[in-house]
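In the numbering used here, the protein residues as written are 4 to 678. No residue lacks a Cβ here, since even glycine has one placed at the ideal position from N, Cα and C. Report on the following structure.
This is the structure in C-alpha cells:
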C-alpha cells in the first residue's frame, strides 16, 4: 500500500484519538466512500484498547447491503493480521420471526468489539423484546467497563439506539455524508484522490437520449477501460441506476437492447429478495443474496449491474468504474453514496507496483447523468493581478519571479542501496517477533525499504532475516535516499502555469487589496488555518518596509502573496519515509530582489488535531534538510516560523547555512527582514 495512504489514514486516526481523550461525547469523522473507514475504525479501537483493556465498543451498522456482516468479517480479518487487541462478536438473533421457545438470547461479554446490525434492534426484534442488549449494557456498566458507541454510516438515523445513550461514554460517528455536513475530523476528497485512496471522477453530461448516450458510454467501457482491467486480472463493472415506478419498465427494455448489441453480460436486481434478471449462463443461481456476493468478486463474469435503489451503503465493489444514472434521485446525499460505489481503488494494496498507464486507468471513475453541486466549503477563484498570461506578453507578476528555481529529487535506483553490510545472520539468534508483528512493522516503513525487501526476499528464511536486521537497513536506506547533493537537482520554471487559482472558503474572511492576488468578491480571502492567517498579518504589517512593489493599472502592488497550490510551481521536494513535495505557504520579493519563502508550522494542539510531537518534529527536521539544500542551490531565503503557545520561533536557512542557534522570535524576525 502507498505510504501516502498510510499517512493520510493515520493522521485522521491520531486526531480522532486525541479528541476522544479530551472526553468529547459526540465526535464525527467524515471520509469519502472507499477511503477505508472500516480499517480506520479497527485501528482506532485497537489503539484505544492498547491503553485501556476495560473499553467496550458497540459498532452500530446498517443492515443494508450486508454491511454489518462485512464489517464483522473485516474486523475479524484485521484482528488476525494487524490489530491483535480486537475480539469481535456479531450480535444477532438469527431469524427475527422465530418464536423464543427453546432458548433466550445472550451476548457474550468476553469480547470487546460488538457489531450490531440496526435491523437486529427494532421494536419487534427479539433482542429488544427480551431486553438482551439492555442486559448486556447493564452488565458492562456494573463491571465498570466504559462503552463507546461507533455509528457506521452515521447519516442513517438510529433512533432506537439513541434511547440508550445514557450507557455510552462517547459516540463516534463515521460517515461520508454527515448530517448538515458537520464534522470534527475530515479526510477531504482531494486528499483521498491525491493519495490514490479513491478515484477521481469525471462527470459526463447525458444529453443524447438514453439509447445513444448509453451506447457511447459502453463503447468507452469496452474499448478504453476493460482491456487494462482484464490485463491486470480484474473484470471491470459498469453500473446503471434506473428510475423508479412509471419509467422503469420502458428504460430496462432499452437498456437490455443496447447491452445485447454490445455483447455484454448483465444482471438486473429488483426489489424482491430473490428477484433478478440476467442474460448470464449463471442464471440458475436463484438466491439474490448470493448474486450480490458473487458480483463483487474481481473475476465474476458480469460486466453490467442494473439496479434501482439497492446499491448504496455496504455494496463494496472495487471493480466498478463507471456509473450511468438514468433516474434523478433528487438527493445529493444519495447521489454521493451511489457515486461512492465506483470510486474504490481496485488495486489498493499493490498500486505503487503498477505501470503509469494502469495507474491512470485505475485512478479514474466516470459518472453519467449526475450533475455535481458544490458541496461543503465553497471554492473561490482567485487571479494574479495584471495582464493575462499570453504567449507574447507574460503576466507582470509572473515575469517578476521568472526564472524561478525549484529543487526536485531524482528517483533513487535500488542498485544504489547496498544493504549487504546490514545483513547479520547472528541477529536471528535473538529475533523473537511473530510473523504478524513483523508484517505490521514492515508495513509502517518507507516505500524504498519495502521495495528493497521485495528484491531481497526469495524464500521464507530471507523474509525473517530481513526483518531481524530491519533497523540497520532503515539507517542505510535513509543515508542513501536523503543524499540531496547526489539526488537533488535544480529546475528553472515559471511560478504558475496559469494566472488563476482557488481557495476553499472556510468562512474566516480577510480583505486584502494590495498583494498579488485579486478576487471578484471584493478581494475577500480566507486561509487554511489560524496560524497561517496570523503569519499573514505579521508580513502584511511590514511589506511597506521590505517588500518590492510594481505598478499595475496605476495601483501599487506588493510582490507578496499566498502560494495557492492549484496551478502552482512553487514547490520543493523532500524525503521523509517517501518523497514528498512541500508547497510553502507564502512568497515575498524584497526591495533588493531577494526571494523569501515561508512554510508555517504550529506545535499547538487544537480542538480537532492531535500532534504526535516526535513525528511532527521529525517531519520538520527533514523539511529543514531539504530547505538547506534548496537555499544553497537557489539563493532564496527559507523560513519555518513555528507557533509555540503565544510566541513564534523562526528557523531560517540562507545560502546553504541553517541558523539554528538563537532562533528568531517575531520581533527579531521583523528587525531582520526590514534591513
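CB-CB length for residue i against residue j, believed under 8 Å
i: residue 38; j: residue 86; result: About 18 Å; that fails the 8 Å criterion.
i: residue 279; j: residue 269; result: Contact flag wrong, Cβ pair sits at about 10 Å.
i: residue 236; j: residue 302; result: 7 Å
i: residue 114; j: residue 144; result: Contact flag wrong, Cβ pair sits at about 16 Å.
i: residue 309; j: residue 298; result: Wrong, their Cβ atoms sit about 11 Å apart, outside the cutoff.
i: residue 49; j: residue 88; result: 5 Å
i: residue 84; j: residue 439; result: 6 Å
Span separating the alpha-carbon of residue i from that of residue j
i: residue 377; j: residue 504; result: At residue 377, the pLDDT of 48 sits below 50, so the modelled position is not reliable; the number obtained from the coordinates is stated separately. One C-alpha to the other measures close to 17 Å.
i: residue 219; j: residue 368; result: 16 Å
i: residue 324; j: residue 346; result: 7 Å
i: residue 380; j: residue 184; result: Annotation note: pLDDT 49 at residue 380 (below 50); position unreliable, no value reported.
i: residue 549; j: residue 598; result: 11 Å
i: residue 307; j: residue 265; result: 11 Å
i: residue 109; j: residue 44; result: 25 Å
i: residue 578; j: residue 619; result: 14 Å
i: residue 349; j: residue 425; result: 36 Å
i: residue 561; j: residue 552; result: 4 Å
i: residue 244; j: residue 371; result: 10 Å
i: residue 528; j: residue 339; result: 28 Å
i: residue 138; j: residue 20; result: 29 Å
i: residue 672; j: residue 631; result: 18 Å
i: residue 227; j: residue 322; result: 15 Å
i: residue 434; j: residue 428; result: 10 Å
i: residue 36; j: residue 475; result: 39 Å
i: residue 397; j: residue 588; result: 24 Å
i: residue 58; j: residue 64; result: 19 Å
i: residue 22; j: residue 30; result: 8 Å
i: residue 366; j: residue 328; result: 20 Å
i: residue 296; j: residue 390; result: 58 Å
i: residue 202; j: residue 607; result: 34 Å
i: residue 659; j: residue 640; result: 9 Å
i: residue 166; j: residue 125; result: 12 Å
i: residue 603; j: residue 617; result: 18 Å
Proximity of residue i and residue j at Cβ, strictly below 8 Å
i: residue 627; j: residue 661; result: yes
i: residue 575; j: residue 633; result: yes
i: residue 590; j: residue 566; result: yes
i: residue 200; j: residue 11; result: yes
i: residue 179; j: residue 149; result: no
i: residue 493; j: residue 646; result: no
i: residue 522; j: residue 385; result: yes
i: residue 360; j: residue 354; result: no
i: residue 153; j: residue 61; result: yes
i: residue 584; j: residue 497; result: no
i: residue 677; j: residue 651; result: no
i: residue 387; j: residue 401; result: yes
i: residue 188; j: residue 82; result: no
i: residue 155; j: residue 186; result: no
Residue i (DSSP reduced to helix, strand or coil)
i: residue 624; result: helix
i: residue 22; result: helix
i: residue 605; result: strand
i: residue 571; result: strand
i: residue 507; result: strand
i: residue 269; result: strand
i: residue 12; result: helix
i: residue 295; result: helix
i: residue 180; result: coil
i: residue 562; result: coil
i: residue 661; result: strand
i: residue 282; result: coil
i: residue 617; result: helix
i: residue 594; result: coil
i: residue 382; result: strand
i: residue 670; result: helix
i: residue 414; result: coil
i: residue 173; result: strand
i: residue 94; result: coil
i: residue 644; result: strand
i: residue 629; result: helix
Given 8 Å, three or more beta-carbon pairs between the region 407 to 424 and the region 481 to 500: yes
Touch test, the region 58 to 78 against the region 113 to 122, Cβ-Cβ under 8 Å, three pairs minimum: yes
The region 440 to 457 / the region 589 to 599 touching (three or more Cβ pairs under 8 Å): no
The region 231 to 246 contacting the region 192 to 203, beta-carbon criterion three pairs below 8 Å: no
Inter-stretch contact at 8 Å, needing at least 3 Cβ pairs: the region 463 to 479 / the region 536 to 543: no
Sufficient close CB pairs (3 or more, under 8 Å) joining the region 419 to 435 to the region 498 to 517: no
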